[in-house]
Ligand code: C5P
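Numbering (the numbering used here), first residue to last: -9 to 306.
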């Protein structure tokens, strides 16, 4: 049987607005999600046992069912028990390039790659919407990671409307090695402070979604207006994360003082990104901020926005 190698890109949030509470305990969101070229590599192959195994050299990546990629394989085995019994277990190997626990969907994209890879390896013929429905059972960002590109995400984040690709811009990512922000904490704290503004009536939720759909940022993306895109970046979670993590706020201020199109925290952080017109500009700004902050624990990556989700490479 073939083994498969998959490229699993990370993402940034160009826009993240929290609208209200959902009956399932999650938040009703409107986001604009954007794939980046920085990607993990996932290798999967069938083994002769009924076991799922996972290997990753990164010290912060667990090899058990606390890893979303492991849970993705478990979900496929549970959903298709006869195929699983026929083909046996799965060996998963993850080469980590996307920063871990960073607000860049690193764990989510690995899980998306495992769903796509097992679908191919077992010849299941699941369509993208069927894969996205399985992905939504594992986490809110995983459906987006399957097709990637540029999309408006609503509901928990799992309902997707693709918009024109935005792949001409470059992005600098900056993350402190020793800072991690708990996503449940960020949403819970936001609820404590801002739930008085939450909207609950379906009609009003629809209006808020429409405002984004027909709004200035989507229009700027459609017209590839880089300056406008940079000016209109938005993330509600900054309101709770930046005051609690001054080092993250410091990175954002440092980017804002440079020649960038715009800067924003991604997801629940702690990664801060800055958009640039070109690779050379991104590298110059990264060097400038590195020197200005002079913190050996602050890591930088320069990458490009991407129009792709999970991509396959057949190895043999
Ligand atoms: O779905 P995911 O596992 O990525 O979500 C992580 C946590 O983020 C959830 O347990 C929840 O606390 C919070 N969350 C939320 N509303 C969303 C997405 C995430 O409250 N739409």
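All residues carry an ideal CB built from backbone N, CA and C; glycine is no exception.
Have a look at residue 60 and residue 180 and give me their C-alpha separation to the nearest angstrom. Numbered from 1 along the chain shown, position 70 holds the residue referred to as residue 60. Numbered from 1 along the chain shown, position 190 holds the residue referred to as residue 180. CA-CA distance, residue 60 to residue 180, rounds to 30 Å.
Backbone secondary structure at residue 174 - three-state DSSP: Working through the chain shown from its first residue, we reach residue 174 at position 184. The answer is helix: DSSP assigns residue 174 an H, G or I state.
Alpha carbon to alpha carbon, what distance is there between residue 248 and residue 238? Numbered from its first residue, the chain shown carries residue 238 at position 248. Numbered from its first residue, the chain shown carries residue 248 at position 258. Residue 238 and residue 248: Cα-Cα distance of roughly 16 Å.
If you reduce the DSSP assignment to three classes, tell me which class residue 307 lands in. Examination of residue 307 is not possible in this model, given that the chain is present from -9 through 306 alone.
If you run the structure through DSSP and keep just helix, strand and coil, what is residue 50? Taking the first residue of the chain shown as 1, we reach residue 50 at position 60. Residue 50: coil per DSSP, three-state reduction.
Selected residue, minimal CA-CA separation from residue 39, among 134, 157, 74, 273: Residue numbering aside, residue 39 sits at position 49 when the chain shown is read from its first letter. Closest by alpha carbon: 74.
Please give me, in chain order, every unbroken run of the alpha helix (DSSP H) with length at least 4 that falls completely inside the stretch 107 to 164. Those alpha helix (DSSP H) runs which fall completely within the stretch 107 to 164 and span 4+ residues are 118 to 128, 132 to 137.
Within 10 Å of its beta-carbon, does residue 287 have 16 or more other beta-carbons around it, so buried, or fewer, so exposed? By 1-based counting over the chain shown, the position of residue 287 is 297. Exposed is the label assigned to residue 287, since fewer than 16 other Cβ atoms lie within 10 Å of its Cβ.
What whole-angstrom Cβ distance do residue 262 and residue 164 have, given they're in contact under 8 Å? Position 272 of the chain shown, counting from 1, holds the residue named residue 262. Position 174 of the chain shown, counting from 1, holds the residue named residue 164. Contact flag correct, Cβ pair sits at about 5 Å.
Which two residues bound the contiguous alpha helix (DSSP H) that contains residue 211? The residue you call residue 211 lines up with position 221 of the chain shown. Counting along the chain, residue 211 sits inside the alpha helix (DSSP H) bounded by residues 206 to 212.
Within this structure, are the beta carbons of residue 294 and residue 155 separated by less than 8 Å? Residue 294 sits at position 304 when you count from the first residue of the chain shown. Residue 155 sits at position 165 when you count from the first residue of the chain shown. Remark: C-beta atoms of residue 294 and residue 155 do not approach each other more closely than 8 Å.
Residue 185: buried (16+ other C-beta within 10 angstroms of its C-beta) or exposed? Here residue 185 is taken as the residue at index 195 of the chain shown, counted from 1. Classification for residue 185: exposed.
Do you know how far the Cα of residue 211 is from the Cα of residue 146? If you number the chain shown from 1, residue 146 lands on position 156. If you number the chain shown from 1, residue 211 lands on position 221. If you take the alpha carbons of residue 146 and residue 211, they lie about 23 Å apart.
Please work out which residues of its chain come closer than 7 Å, Cβ to Cβ, to residue 216, disregarding the five sequence neighbours upstream and downstream, and give them in chain order. The count along the chain shown starts at 1 and reaches residue 216 at position 226. Taken in chain order, the residues that qualify are 159, 251, 267.
For the ligand C5P, residues whose Cβ lies under 6 Å from any non-hydrogen atom: Working through the chain, the matches are 16, 17, 19, 129, 130, 131, 146, 147, 173, 174, 177.
For the beta strand (DSSP E) that contains residue 251, what are its first and last residues? The residue labelled residue 251 in the question sits at position 261 within the chain shown. For residue 251, there is no enclosing beta strand (DSSP E), as DSSP marks it with neither H nor E.
DSSP three-state label for residue 189, please. On the chain shown, position 199 is the one that residue 189 refers to. Note: residue 189 maps to coil in three-state DSSP.
Are the beta-carbon atoms belonging to residue 194 and residue 3 less than 8 Å from one another? As a working mapping, residue 194 is identified with position 204 in the chain shown. As a working mapping, residue 3 is identified with position 13 in the chain shown. Taking 8 Å as the Cβ cut-off, residue 194 and residue 3 do not qualify as a contacting pair.
Closest to residue 132 by CA distance: which of 106, 254, 102 is it? Along the chain shown, read from residue 1 onward, the residue named residue 132 stands at position 142. Ranking 106, 254, 102 by Cα distance to residue 132 puts 102 first.
State buried or exposed for residue 175, treating a residue as buried only when at least 16 other CB atoms are found within 10 Å of its CB. Numbered from 1 along the chain shown, position 185 holds the residue referred to as residue 175. The residue is exposed, with fewer than 16 neighbouring Cβ atoms inside 10 Å.
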